[in-house]
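Student: Once you've had a glance at the structure underneath, I'll fire off some questions.
Residue numbers (our numbering): 888 to 1576.
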């Protein structure tokens, strides 16, 4: 560990090698959103000399965002090279053993063609020096997941299949096939192995266990497969009954599950981010909880038996660090090095860093730096030079690495050089005291050029979802939660990491259990009052907004009776109104069960207390309502209920925007821009003096 820790210490102390800032002359508008490019995943080549990355760009005509595959040298001397240009949505890049090609999942379409050009997901092999991608799979219904074993030079992929469970009514279901039944057919997975060295090789089926495989990882020699499996593909089964199985030599074993199920703080963990050590004797994954911090689970093969333990997040440190569990969208946050050391992205008070953990002795090192905020991490197995996706308060995410030759961190790829003249808001982390004395914090965006002592600003409180995640102290253009586009129009934007958020200690996370629509609401109100007292926020021009749990908390704030803060406008995005309906209708019922300490008939008082439903008569705030028409996480019925109450009965100004076919997050460019334009217009109208 000493060699790598010394390198990371050098990184933290080094001076960032980014170009001097240009004069800021461009006023940012929602129309600028379409020009922002996003690095979604990175993969370092076997020799450490190149990094492949997926770059997402918007297409106004197609009204969507798709990724292409790029590559760049890690010495910083070459320019990025685009390998694909057909917007086939390349993702999950993995280098071939010889470093000459990159495997990806992609969707290519040619009118009238069969697989692999029928638009379904396939595995493709892209030459690293450029050239036409070659289809590795040609499955009519498409591939679901894949992995590559470099030492075996073999591709493994999974496909969906269907199985039927029989009971006394099976014949009757077959007689009347039109209804959608709650029992009978279920989706399961099959896994195949394909020799990458032989273009004529036929796929070999290795797993058909009548279970659904949500994710899998293969050892470098291809002899073992770890997989997150459940009885079917539903969220309900995955969030509480999934497990990690290991396939080897045609047999499947299930290592002990107690550490992340029966003996865990909650039995309802999502299992994600599987990774093997280079020698294939250890695996690790994240157990991602609602209401509790994410834990790292490690399995070790010894004498033919797997021992499974939970990583000690405290070690010799003063307090436990917290690993980024979900919501970052930048690939697997766990990486094993050749010496069995595990690395990943951790967080602290809205800032991300890198952790190093040794499963053998529990030794831990955690690194944070003010200037660099890693949100994605990768390295080659044996050279160990890290490459990461770096966020910052001064620029959109870039690909960065470190070099003693260049005396510090330097950027390999900046996908948004055109933003050098944009008038970005300042981003700082602020703290305040909650009514019970707890310190609460979060990012604060202030308009470009605004300084202490200037006239108080209209305030937008932008509330993150989750809630077991956080808002981060970096620059981001987020149509769902109000980041950047309000500050660009002269608003202060507070992003409170209320109780239940991650990054402020384990107790800060778990304090929310049984206290929703109470303790976190008080945290947010205290943050507003703090900014008023500091002369930053105008007390007569306060607005609140959020998406998902942020929408729920917006609903809680506007239904609060006798609020100490006058809220003049609100934008509720995909917000829950009734928590019994939340348990009954959304796709992850474990969430309300954990936070409400039981089922509705077990804890009726908590379900009622946490439901904004019963405070709808208190609403006086003009409220804009957004929701995806196909949202299964926070179904549109909640938004329709809120709109009906405000428009038809309470008689408060309101507008409902249902985006047809959209899921829990808006995917179309036109819808994201529409939301921003509506938010700005709504708040401009109702925050005017």
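A virtual CB, placed ideally from N, CA and C, is assigned to each residue, including glycine.
Please return the same chain residues whose Cβ sits closer than 8 Å to the Cβ of residue 1563, not counting the five positions on each side in sequence.
Tutor: Within the chain shown, numbered from 1, the residue matching residue 1563 stands at position 676. Correct list, in chain order: 917, 920, 1366 and 1372.
Student: Expressed to the nearest angstrom, what Euclidean distance is found between the alpha-carbon atoms of residue 936 and residue 1292?
Tutor: Here residue 936 refers to the residue found at position 49 when the chain shown is read from its first residue. Here residue 1292 refers to the residue found at position 405 when the chain shown is read from its first residue. Roughly 15 Å between the two C-alpha positions.
Student: Which same chain residues end up closer than 6 Å to residue 1578 when comparing Cβ atoms and leaving out the 5 residues on each side of it in sequence?
Tutor: Nothing in the structure corresponds to residue 1578, since the chain is present only between 888 and 1576.
Student: Which ranges does the beta strand (DSSP E) cover as unbroken runs of at least 3 residues, wholly within the region 1269-1356, from first to last along the chain?
Tutor: Correct list: 1274-1278, 1285-1290, 1295-1300, 1313-1320, 1326-1333 and 1344-1350.
Student: With burial defined as no fewer than 16 other Cβ atoms inside 10 Å of the residue's Cβ, what is the status of residue 1000: buried or exposed?
Tutor: As a working mapping, residue 1000 is identified with position 113 in the chain shown. Classification for residue 1000: exposed.
Student: Give the straight-line distance between the Cα atoms of residue 1131 and residue 1299, rounded to the nearest whole angstrom.
Tutor: Against the chain shown, residue 1131 aligns to sequence position 244. Against the chain shown, residue 1299 aligns to sequence position 412. Distance between the alpha carbons of residue 1131 and residue 1299 is about 36 Å.
Student: Decide if residue 1432 is buried, meaning its Cβ has at least 16 other Cβ atoms within 10 Å, or exposed.
Tutor: What you label residue 1432 is simply residue 545 of the chain shown in a count that begins at 1. Answer is buried; the Cβ neighbour count reaches 16.
Student: Using 10 angstroms around the beta-carbon of residue 1440, count the other beta-carbons present and answer buried if the total reaches 16, otherwise exposed.
Tutor: Looking up residue 1440 in the chain shown gives position 553. When all chains shown are included, residue 1440 counts as buried.
Student: Which one or two residues does DSSP pair with residue 1114 in a beta bridge?
Tutor: By one-based count along the chain shown, residue 1114 stands at place 227. Looking at the DSSP assignment, residue 1114 forms a beta bridge with 1103 and 1132.
Student: For residue 1134, which residues from the same chain have a beta carbon less than 6 Å from its beta carbon, with the 5 sequence-adjacent residues on both sides left out?
Tutor: In the chain shown, counting from the first residue as 1, residue 1134 sits at position 247. 1094 and 1112, listed in sequence order.
Student: Leaving out five residues on either side along the sequence, give the residues of the same chain with a beta carbon under 6 Å from the beta carbon of residue 1166.
Tutor: By 1-based counting over the chain shown, the position of residue 1166 is 279. Once the five neighbours on either side are set aside, residue 1166 has no close Cβ partner at all.
Student: Quick one: complete alpha helix (DSSP H) runs, 4+ long, within the region 1445-1505?
Tutor: For the region 1445-1505, whole alpha helix (DSSP H) runs of length 4 or above, ordered along the chain, are 1466-1472, 1477-1482 and 1491-1496.
Student: Need the endpoints of the alpha helix (DSSP H) that residue 1523 sits in, please.
Tutor: Start at 1 with the first residue of the chain shown, and residue 1523 comes out as number 636. Its alpha helix (DSSP H) spans residues 1523-1531.
Student: From residue 1282 to residue 1487, what does the alpha carbon distance come to, in whole angstroms?
Tutor: Here residue 1282 is taken as the residue at index 395 of the chain shown, counted from 1. Here residue 1487 is taken as the residue at index 600 of the chain shown, counted from 1. Their Cα atoms are separated by approximately 46 Å.
Student: May I have the straight-line CA-CA distance separating residue 1220 from residue 1264, to the nearest angstrom?
Tutor: Locating residue 1220 in the chain shown gives position 333, counting from the first residue. Locating residue 1264 in the chain shown gives position 377, counting from the first residue. The alpha-carbon atoms of residue 1220 and residue 1264 are separated by roughly 6 Å.
Student: Between the C-alpha atoms of residue 1379 and residue 1527, what's the straight-line distance to the nearest angstrom?
Tutor: Looking up residue 1379 in the chain shown gives position 492. Looking up residue 1527 in the chain shown gives position 640. Their backbone Cα atoms lie some 30 Å apart in a straight line.
Student: Tell me, which residues are paired with residue 1569 by DSSP?
Tutor: Start at 1 with the first residue of the chain shown, and residue 1569 comes out as number 682. Beta-bridge pairing links residue 1569 to no other residue.
Student: Looking at C-alpha atoms only, which residue of 1289, 1223 and 1253 is the closest neighbour of residue 1268?
Tutor: Numbered from 1 along the chain shown, position 381 holds the residue referred to as residue 1268. Comparing Cα-Cα distances from residue 1268 to each of 1289, 1223 and 1253, the minimum goes to 1223.
Student: Along the chain, where does the alpha helix (DSSP H) that runs through residue 1019 open and close?
Tutor: Here residue 1019 refers to the residue found at position 132 when the chain shown is read from its first residue. No alpha helix (DSSP H) contains residue 1019, which DSSP labels as neither H nor E.
Student: From the DSSP output, in three-state form, read off residue 1060 for me.
Tutor: One-based indexing of the chain shown puts residue 1060 at position 173. Correct three-state label for residue 1060: helix.
Student: Give me the residue from 1533, 1516, 1568 and 1555 with the minimum Cα distance to residue 1544.
Tutor: Here residue 1544 is taken as the residue at index 657 of the chain shown, counted from 1. Answer by Cα proximity: 1516.
Student: Just to confirm my understanding: we take residue 1091, look at its own chain, exclude 5 residues before and 5 after, and list those with CB closer than 7 Å. What are they?
Tutor: The count along the chain shown starts at 1 and reaches residue 1091 at position 204. Excluding positions up to five away in sequence, the list reads 1079 and 1080.
Student: Give the range of the beta strand (DSSP E) segment to which residue 1397 is assigned.
Tutor: As a working note, residue 1397 is residue 510 in the chain shown. First-last for residue 1397: 1393-1397, but that is the alpha helix (DSSP H), not the beta strand (DSSP E).
Student: Measuring only the C-alpha atoms, how far is residue 1198 from residue 1348?
Tutor: Sequence index remark: in the chain shown, residue 1198 carries index 311 (1-based). Sequence index remark: in the chain shown, residue 1348 carries index 461 (1-based). Taking the straight line joining both Cα atoms gives about 36 Å.
Student: Would you report the Cα separation of residue 1521 and residue 1511, rounded to the nearest angstrom?
Tutor: Locating residue 1521 in the chain shown gives position 634, counting from the first residue. Locating residue 1511 in the chain shown gives position 624, counting from the first residue. Each residue's alpha carbon lies about 16 Å from the other.
Student: Tell me which residues share the same chain as residue 1583 and place their Cβ nearer than 6 Å to its Cβ, disregarding the 5 neighbours each side in the sequence.
Tutor: Because the chain in this structure spans residues 888 to 1576, residue 1583 falls outside the shown range and cannot be described.
Student: Determine the extent of the alpha helix (DSSP H) in which residue 1416 is found, giving its start and end residues.
Tutor: Here residue 1416 refers to the residue found at position 529 when the chain shown is read from its first residue. Taken as a continuous stretch (DSSP letters only), the alpha helix (DSSP H) holding residue 1416 covers 1406-1420.
Student: With DSSP as the reference, identify every bridge partner of residue 1185, one or two as the case may be.
Tutor: Along the chain shown, read from residue 1 onward, the residue named residue 1185 stands at position 298. DSSP, once it has assigned bridges, lists 1171 and 1196 as partnering residue 1185.
Student: Got a sec? Which residues, its chain only, sit under 8 Å from residue 1558 by beta carbon, not counting five neighbours each side?
Tutor: Counting from one through the chain shown, the residue named residue 1558 turns up at place 671. Correct list, in chain order: 1546 and 1549.
Student: What number of angstroms, rounded off, separates the C-alpha of residue 1262 from the C-alpha of residue 1360?
Tutor: Counting from 1 along the chain shown, the entry for residue 1262 is found at position 375. Counting from 1 along the chain shown, the entry for residue 1360 is found at position 473. Cα to Cα, residue 1262 sits roughly 12 Å from residue 1360.
Student: Does DSSP put residue 924 in a helix, in a strand, or in coil?
Tutor: Against the chain shown, residue 924 aligns to sequence position 37. Coil.
Student: Where do the ends of the beta strand (DSSP E) carrying residue 937 lie?
Tutor: Residue numbering aside, residue 937 sits at position 50 when the chain shown is read from its first letter. Here the beta strand (DSSP E) through residue 937 covers 937-946.
Student: Less than 8 Å between the C-beta atoms of residue 1169 and residue 1184, yes or no?
Tutor: Taking the chain shown and counting its residues from 1, one reaches residue 1169 at position 282. Taking the chain shown and counting its residues from 1, one reaches residue 1184 at position 297. Taking 8 Å as the Cβ cut-off, residue 1169 and residue 1184 do not qualify as a contacting pair.
Student: In chain order, what residues of the same chain lie with their CB nearer than 7 Å to the CB of residue 1314, ignoring the 5 residues before and after it?
Tutor: What you label residue 1314 is simply residue 427 of the chain shown in a count that begins at 1. 1280, 1330, 1332, 1360, 1361 and 1362.
Student: Terminal residues of the continuous beta strand (DSSP E) containing residue 1382?
Tutor: By one-based count along the chain shown, residue 1382 stands at place 495. Careful: residue 1382 lies outside any beta strand (DSSP E) and carries neither H nor E.
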